[in-house]
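Undergrad: Dropping a structure here in C-alpha cells format, bear with me for questions.
Numbering (UniProt numbering), first residue to last: 1 to 147.
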C-alpha cells in the first residue's frame, strides 16, 4: 500500500469481490468500533476463501493492531487487508495505519494492571510469519503477514 497517495476508504464490503486482493476500512477511533471492523474483515476473508484457522489467527492480529491504534495513536486510522500470492494463496497481510503516537492520556479510574496490557506485540509476533512497523512523516503502519 502506498501511504504517500490518498486512499479511498470503503465503508462497505459490497465493493470487495473475490477477484480483488485488498480492501481498506476506516477505523472508528473508539474501542467499541472493533466489532464492526472484525465483521467486515471476516467477510472479506470468507470471500477470499481463507481457511478458517488462518482467518482466526488473522482476526486476533487485527484486533491487537486496531486496539493499539485506537488506544495509543492519533486518528485517523485505517485497516488494509491483502490476500497474498494469488487465488490459491493462503496468506493475509494486515496493515493498520494511524496518524502517529498520541500523547500519554490518563483515562481516569484506577490504573491498568501490567497483566492487562502490553501483550499485543507478543501475540502479533507469535501468530505472524513476519511483522513490523513502518514510520512515515504523517504516521505509522504496523503490519503482519499470516500464513
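Cβ atoms here follow ideal geometry from the backbone N, Cα and C, with glycine treated the same way.
Computed from a predicted structure; not experimentally measured.
Within a Cβ cutoff of 6 Å, which residues of the same chain sit near residue 25, ignoring the five residues on either side of it in sequence?
TA: The sequence position of residue 25 within the chain shown is 25, counting from 1. If we look at residue 25 and ignore the five residues flanking it on each side, its Cβ neighbours are 37, 40, 79.
Undergrad: For residue 85, which three-state DSSP category applies?
TA: Mapped onto the chain shown, residue 85 falls at position 85. Coil.
Undergrad: How should residue 44 be labelled, buried or exposed, when 16 other C-beta atoms within 10 angstroms of its C-beta is the threshold for buried?
TA: To locate residue 44, count along the chain shown from 1; it is residue 44. That one is buried.
Undergrad: For the alpha helix (DSSP H) containing residue 43, list its first residue and its last residue.
TA: Here residue 43 refers to the residue found at position 43 of the chain shown. That run of the alpha helix (DSSP H) goes 34-47.
Undergrad: Could you tell me how far apart the beta carbons of residue 98 and residue 144 are, in whole angstroms, since I believe they sit closer than 8 Å?
TA: Locating residue 98 in the chain shown gives position 98, counting from the first residue. Locating residue 144 in the chain shown gives position 144, counting from the first residue. Rounded, the Cβ-Cβ distance is 15 Å, inconsistent with contact.
Undergrad: Assuming contact is defined by CB atoms lying nearer than 8 Å, are residue 146 and residue 91 in contact in what I supplied?
TA: Taking the first residue of the chain shown as 1, we reach residue 146 at position 146. Taking the first residue of the chain shown as 1, we reach residue 91 at position 91. Cβ atoms of residue 146 and residue 91: closer than 8 Å.
Undergrad: Can you give the Cα-Cα distance for residue 138 and residue 95, rounded to whole angstroms?
TA: Here the question's residue 138 lines up with position 138 in the chain shown. Here the question's residue 95 lines up with position 95 in the chain shown. Using only the alpha carbons, I get a separation of about 15 Å.
Undergrad: Classify residue 85: buried if its beta carbon has 16 or more other beta carbons within 10 angstroms, exposed otherwise.
TA: Along the chain shown, one-based indexing puts residue 85 at 85. So residue 85 counts as exposed.
Undergrad: Would you identify the three-state DSSP class for residue 75, choosing helix, strand or coil?
TA: Walking along the chain shown from the start, residue 75 turns up at place 75. In the structure shown, residue 75 sits in coil (DSSP, three-state: anything other than H, G, I, E or B).
Undergrad: List the residues that DSSP assigns as beta-bridge partners of residue 135.
TA: Counting from 1 along the chain shown, the entry for residue 135 is found at position 135. According to DSSP, residue 135 bridges with 140.
Undergrad: From residue 107 to residue 71, what does the alpha carbon distance come to, in whole angstroms?
TA: As a first step, residue 107 is located in the chain shown; it is residue number 107 there, counting from the start. As a first step, residue 71 is located in the chain shown; it is residue number 71 there, counting from the start. Residue confidence is low: residue 107 scores 48 on pLDDT, short of 50, so the model does not pin down where it sits. No coordinate-derived value is stated.
Undergrad: Please report the straight-line C-alpha distance between residue 62 and residue 56, rounded to a whole angstrom.
TA: On the chain shown, position 62 is the one that residue 62 refers to. On the chain shown, position 56 is the one that residue 56 refers to. Their Cα atoms are separated by approximately 10 Å.
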